[in-house]
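In what follows, a structure is listed as structure tokens, so that the remarks can point back to it.
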Amino acid sequence: MSENLSRFSRKIEDEVLGATMTRRSVIRKGAVLGLSMPVAASILAACEDDDPDDDVVDVDDDDDEPAVEPDDDDEEPVDDDDEPVAEEDVDSIFGDDYEPVGNVGGQIVYGSFSDAATMNPVLSQDTTSSGIINMFSRALVINHPLTTEPHPQLAESWDISDDGIEYTFNLREDVTWHDGEQLTAQDVVFTYETHMHEDTGSPRTAELTDRIDTVEAVDDYTVQFTLNFPASPFLQVNCIYRLIPEHILGDVEPADIAAHDYSIGTEGVTIGCGPFQFQEWVSDDHITLVKYPDYYEGEPNIDQWIMRVVPDQTVLAQQLGTGELDVGSIQESDFESLDAQEHVNVHMYDTFNFTFYAYQLDEERTTLFQEPEVRQALLYALDREALISAIRFGIGEVATGTMPVPSWAYNPEGIERHYDYDPDQARELLDSVGWVEGDDGIRERDGERFSFEIYTNAGNEIREQYVAVMQEQWREIGVECTPQTEEWSAFLDRITGTRDFEMFLVGFSWGVDPHQETMWHTDAQEGGFNMNRYSNPDVDDLLGQALATTDRDERTEIYTEMQNIILEDVPSAILDFPQGIVGVNTRVHNLFPTDVDYDTNSSNAHEWWVDE
Amino acid sequence: MGRFVLRRLIQMIPLLIGITIITFALANLVPGSPVSNLELDPGARPEDVARIRANLGLDEPLHVRYFVWASNLVQGDFGLSLRTHRPVLTIILERLPNTLLLTGTALVLALVFSIPVGVYAALKRNSIFDQFATMGAVAGVAVPNFWLGLMMILVFSVMFREWGLPALPSGGTHAIGTGGDLLDRVKHLIMPAFVLAFSATAAWTRYIRSQMIEVLRQDYMRSAQAKGLKDHIVTFRHGLRNALLPLVTLMALEVPTLFGGAVIVETIFSWPGIGRLIITAASQRDYTVIMGTVVIVSVLVILANLLADVMYAVLDPRIRYE
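For the protein sequence lines, the chains are A and B, in the order given.
Read in this note's numbering, the first sequence has 234 at position 253, and its numbers run on one by one without any break.
Quick note: to get this note's numbering, add 714 to the position in the second sequence (first position is 1).
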């Protein structure tokens, strides 16, 4: 783990230094591209509703933690060896990076651009709500913020039967709800039954009802799930749900839970078993949590934690600068000015996010992208280095394969075809399939012009700039592309509902597990995210193999092979892997942003402390 | 007069019905729904999305939903937010004071600045002052709210702090963690109110100036002067009063503009008001909140117009309402 950590911090240093170095070249490259740095545009866009929570699509994941697809067999189906070791000294999840407590008391103010929707973990569908809920509530298991493996939280240990059907969890016996009541196995049963009840409004009802046959309290501190069939993602996807107290919600009609005082945030009613307890929610303004002294991992160091809603991202970055906020995620464009502030540490970390554009492969919509040569040509024609340095200020990486950088299946060495910027090759490829330049400089074939529209969501300045530059670069190889922007919900409806597009560009987020079935498998054309109707039996086969393989190295190989096929076919082109950027005031200690538990990793929130 | 007001109040009813029908139809016919984001959540299966939709009552035909909503409204029930499940009326009433405080302060600020400047510029036509005032007014109309807001934050919050000067807070209605005493709240109010007042001030200054110039040319002004009245009496009692009359209408018309401006200003200054509520509700397709705010804001705007008409009659004895 310490190895992992040093890899991480080195990575962060590299990226920070790298980004500041490349910043100077940004303007130059921008000028080459014919880009004027759209300062006004970025300010304007910042005023619009530009909520990344809303418009980064979580491909694989639920509201909580990144998901694992039904193949994840990294876990031996036996007792996990990750149990916390009873040691005298502090056993922080962040190991060597843990800083001994230098001060007790004080508060941390966290800035968020959107407000929460609910305080009920069963109902939460958005990252802001889940991020706050994770501060005051706890789950059986969490995904480790650094290794992304399952890690005990309320369950001290667990046992999975050899056939993968029975999951038995042994709960800690020292856990109390914020009103002093003991947490028992009955609360676990209640939480999952609430999830599975049709009237509650949980977005997980169908999946859980499908997977779980029964959930029972064997005794006060043992709970047993019996599944309908072996579903290896169960542990890392479904056992990370936060618990709700039966003694508060047990008598409430499931249909009334959403509007219950517990869900809308009420002091003394909205209780969890985490290090902080709910105190106040002034909507669109702030949410206050105060420490819970009897927290089972020890009394938290800070007195209170406040989430403050700052809807404008530029202002959010400025407030980190003025010290009005202690912690907050910022955009690439604000990196430089914030990094110049001595009292702010800017953390950068690799994420599971990616930007991609999809070719419409449904012949009934367009026949332009039927040949792989055409799809390859368009990707060769894009100078992605320049895109990232000009638009993302160099913060992010050109995607080599389809695997995100932090994934254990990330294997750039195994990727055969690299799409380095090569407009000549692009032209050759287009010539080879009969698309030749017409009188107006746009390629034609059989009287058809190579002209299409690309959709992206309005208000996301980065994507808007991406499509604008792509238009320029494709123009150079004689391809006409017209950018269209659309309001987020309408755009979603277009790409997932009506599928009325020739091409679209959007950002997604993979789950922690590398099983990218939802985008590449033929079955994912309906109900999944294969929105452009890609189908390749070889890819389907490989995905099937990966499902049945438990060994990580073998799986990595299979996924590498799959990526090589996809990179030949290029049904969708993954352009880049952006990085997360979180500003943390230097007075805050032991807070380590990563991409696993939202941006601030509240799993060790009791260890956070602030200077006097 | 009483009958006039009553008639106008009764006229509000069909107007409101029209407004709500149009808004309801528009809000619902736009693509997307409160469950749009769930459609992209692989953990949520299509049957979950369908069930949650049905639980929210979104499966009913549009006209049925409208009548359900309208009949509840008549009984004073604005419904629950589709996103937070809190009562819409509670949500609105939490925000309304913030917005009224902000727009009210902006209105007062705009009047306090625009009247003296406009009048003085008119009296000293073509003087240096007049030219500066005109230039300032043009600039004021041209400067967008969001830009001015960001610049003010940059100067008065960020730079002032760096220079060790007393900085203004860059957002919120009061310091979090404290109740917020009067001074603290005033500090928080200064920048957003100023930004919101800025373009109105500019527009009104120009308007008052030209009105005043118009009035100064009138015969009655000359007769007043000929009567031997003192200059300031002529200017203020005869001139200003006549010049300001149309301003009453202008102010009433300005109310919706201020609400519109509040959308941007509230976003920049993290001000939890109605403007932001509308924006968030619209982007999340929280239909009940959209409808609730539309009703409340429409009523406010209609009442402001009514008030303007009444004021007009009070200020101008020539006007009589039957």
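Don't be surprised by glycine CBs; every beta carbon is placed ideally from N, CA and C.
Beta-carbon neighbours of residue i, restricted to chain A and to distances below 7 Å
{"i": "residue 759 of chain B", "result": "187 and 188"}
{"i": "residue 794 of chain B", "result": "240"}
{"i": "residue 872 of chain B", "result": "299, 302 and 303"}
Where residue i meets chain B, residues with beta-carbon distance less than 9 Å
{"i": "residue 473 of chain A", "result": "745, 746, 750, 751, 753 and 754"}
{"i": "residue 289 of chain A", "result": "885, 886, 890 and 984"}
{"i": "residue 213 of chain A", "result": "None at all; the shortest Cβ gap to chain B is about 16 Å."}
Which listed residue (the options) has its alpha carbon closest to that of residue i
{"i": "residue 203 of chain A", "options": "A:92, A:128, A:138 and A:584", "result": "A:138"}
{"i": "residue 465 of chain A", "options": "A:452, A:383 and A:566", "result": "A:452"}
{"i": "residue 440 of chain A", "options": "A:469, A:550 and A:259", "result": "A:469"}
{"i": "residue 360 of chain A", "options": "A:346, A:404 and A:108", "result": "A:404"}
{"i": "residue 723 of chain B", "options": "B:1024, B:1034 and B:994", "result": "B:1024"}
{"i": "residue 593 of chain A", "options": "A:83, A:76, A:74 and A:73", "result": "A:83"}
{"i": "residue 164 of chain A", "options": "A:326, A:492, A:253 and A:111", "result": "A:253"}
{"i": "residue 935 of chain B", "options": "B:751, B:952, B:719 and B:798", "result": "B:952"}
{"i": "residue 367 of chain A", "options": "A:396, A:401, A:383 and A:390", "result": "A:401"}
{"i": "residue 962 of chain B", "options": "B:1027, B:718, B:862 and B:736", "result": "B:1027"}
{"i": "residue 485 of chain A", "options": "A:504, A:423, A:554 and A:493", "result": "A:554"}
{"i": "residue 448 of chain A", "options": "A:459, A:434 and A:457", "result": "A:434"}
{"i": "residue 781 of chain B", "options": "B:738, B:887 and B:921", "result": "B:738"}
{"i": "residue 533 of chain A", "options": "A:391, A:212 and A:381", "result": "A:391"}
{"i": "residue 1005 of chain B", "options": "B:766, B:761, B:802 and B:749", "result": "B:802"}
{"i": "residue 597 of chain A", "options": "A:140, A:568, A:561 and A:162", "result": "Here chain A comprises residues numbered -18 to 593, so residue 597 of chain A is not present and cannot be evaluated."}
{"i": "residue 971 of chain B", "options": "B:1001, B:912, B:945 and B:853", "result": "B:912"}
Within-8 Å CB hit, residue i to chain B
{"i": "residue 244 of chain A", "result": "yes"}
{"i": "residue 248 of chain A", "result": "no"}
{"i": "residue 264 of chain A", "result": "yes"}
{"i": "residue 112 of chain A", "result": "no"}
{"i": "residue 591 of chain A", "result": "no"}
{"i": "residue 581 of chain A", "result": "no"}
{"i": "residue 26 of chain A", "result": "Its pLDDT being 34, under 50, residue 26 of chain A is placed unreliably by the model, and the measurement read from it follows with that caveat. Chain B contact via Cβ: absent."}
{"i": "residue 578 of chain A", "result": "no"}
{"i": "residue 184 of chain A", "result": "yes"}
{"i": "residue 491 of chain A", "result": "no"}
{"i": "residue 131 of chain A", "result": "no"}
{"i": "residue 300 of chain A", "result": "yes"}
Terminal residues of the alpha helix (DSSP H) in which residue i lies
{"i": "residue 242 of chain A", "result": "242 to 245"}
{"i": "residue 996 of chain B", "result": "988 to 998"}
{"i": "residue 253 of chain A", "result": "Taken as a continuous stretch (DSSP letters only), residue 253 of chain A belongs to no alpha helix (DSSP H), as it is neither H nor E."}
{"i": "residue 317 of chain A", "result": "316 to 320"}
{"i": "residue 860 of chain B", "result": "859 to 866"}
{"i": "residue 127 of chain A", "result": "Here residue 127 of chain A belongs to no alpha helix (DSSP H), and DSSP marks it neither H nor E."}
{"i": "residue 353 of chain A", "result": "353 to 361"}
{"i": "residue 121 of chain A", "result": "No alpha helix (DSSP H) holds residue 121 of chain A; DSSP gives it neither H nor E."}
{"i": "residue 186 of chain A", "result": "186 to 192"}
Within-8 Å CB hit, residue i to chain A
{"i": "residue 1029 of chain B", "result": "no"}
{"i": "residue 797 of chain B", "result": "yes"}
{"i": "residue 950 of chain B", "result": "no"}
{"i": "residue 735 of chain B", "result": "no"}
{"i": "residue 913 of chain B", "result": "no"}
{"i": "residue 769 of chain B", "result": "yes"}
{"i": "residue 808 of chain B", "result": "yes"}
First and last residue of the uninterrupted beta strand (DSSP E) at residue i
{"i": "residue 272 of chain A", "result": "267 to 272"}
{"i": "residue 426 of chain A", "result": "424 to 426"}
{"i": "residue 435 of chain A", "result": "432 to 438"}
{"i": "residue 796 of chain B", "result": "No beta strand (DSSP E) contains residue 796 of chain B, which DSSP labels as neither H nor E."}
{"i": "residue 340 of chain A", "result": "334 to 340"}
Cross-chain neighbours of residue i in chain B, by beta carbon under 7 Å
{"i": "residue 98 of chain A", "result": "797 and 798"}
{"i": "residue 434 of chain A", "result": "Residues of chain B passing the Cβ test: none, with the nearest at roughly 17 Å."}
{"i": "residue 469 of chain A", "result": "997"}
Listed by chain order, chain A residues near residue i by CB distance under 8 Å
{"i": "residue 724 of chain B", "result": "Under the 8 Å cutoff, chain A gives no residues; its nearest Cβ is about 35 Å from residue 724 of chain B."}
Expected contact under 8 Å - CB spacing of residue i and residue j to nearest Å
{"i": "residue 357 of chain A", "j": "residue 483 of chain A", "result": "Actually they do not touch by this definition, with Cβ atoms about 17 Å apart."}
{"i": "residue 114 of chain A", "j": "residue 102 of chain A", "result": "5 Å"}
{"i": "residue 354 of chain A", "j": "residue 413 of chain A", "result": "6 Å"}
Contact list for residue i against chain B, beta-carbon separation under 8 Å
{"i": "residue 508 of chain A", "result": "759 and 760"}
Chain C contact for residue i (CB, 8 Å cutoff)
{"i": "residue 234 of chain A", "result": "The question asks about chain C, but that chain is absent: this structure's protein chains are A and B."}
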